[in-house]
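Read in order, the letters of the sequence shown are residues 1 to 147 in full-length UniProt numbering.
Have a look at the structure below before the remarks.
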Amino acid sequence: MQFQFKFNKVLSIREREKDEALELYNQSVKRFEDAAEKLYELLKKKEDLESLQSERLLSGLPVQEIRHHQQFVGNLEKTIHHFQKMVMNTRSQMNYFQDRLMEKNIEVKKYEKIKEKSKEHFYEELKQLEGRQMDDISIQHFVNRGN
């Protein structure tokens with residue numbers, strides 16, 4: 001007799017759902033990392049520009065160049081603000097997919113636990129059946145010996 005888990009198809013479906021959730025989570029992590037990296041680059045660029053501007057102001061700078069720099073920094077700040085929103089959105093998506101992955105993982109663990117307990121129960125019954133068969137054989141052997 002071989003063990004047959006009655007929820008094997010359900011378990012395989014849950015495992016596939018968990019794998020899909022893991023893939024979605026990994027994609028969301030990648031999107032978050034890309035957005036955060038781009039935001040970091042923009043902030044670094046702004047910091048470098050501001051330090052360069054303050055150095056150049058000490059040596060003297062035409063007003064037109066100061067205006068141009070301020071306009072450029074203003075546009076850069078708008079881009080930074082856009083990427084800050086993007087980072088927040090991708091972080092919330094990443095957290096959502098992480099929660100879904102954890103739920104799927106818990107479901108799979110439940111079915112694996114059911115399978116494990118069912119298997120233990122099956123082998124315990126099999127052991128008892130073998131014990132009864134051995135008892136029957138022993139009794140038959142004893143009765144045949146007596147005759």
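From the three backbone atoms N, C-alpha and C, an ideal C-beta is built for every residue, glycine too.
Note that the structure is predicted; figures quoted are calculated from it, not measured.
**Report entry** Length of the line joining the Cα atoms of Leu101 and Met86
**Finding:** 22 Å
**Report entry** Residue range of the unbroken alpha helix (DSSP H) whose run includes Gln53
**Finding:** First-last of the alpha helix (DSSP H) with Gln53: 8–59.
Requested in this report: Can you have a look at Arg14 and say buried or exposed, based on whether 16 or more other CB atoms are within 10 angstroms of its CB?
Outcome: buried
Query raised in the report: Which of the three DSSP states, helix, strand or coil, is assigned to Gln128?
Result: helix
Query raised in the report: If you check the beta carbons only, do Val73 and Leu49 fall under 8 Å apart?
Result: yes
Query raised in the report: Can you tell which of Asp34, Ala21, Phe7, Asp19 has its C-alpha closest to the C-alpha of Thr90?
Result: Asp34
Query raised in the report: Helix or strand or just coil, what does DSSP make of Phe97?
Result: In this structure, Phe97 counts as helix in the three-state DSSP scheme.
Report task. Can you give me the Cβ contacts of Glu130 inside the same chain, cut-off strictly under 7 Å, excluding the 5 residues immediately before and after it? Result -> none
Requested in this report: Just mark Phe32 as buried or exposed, buried being the case when its beta carbon has 16 or more other beta carbons within 10 Å.
Outcome: buried
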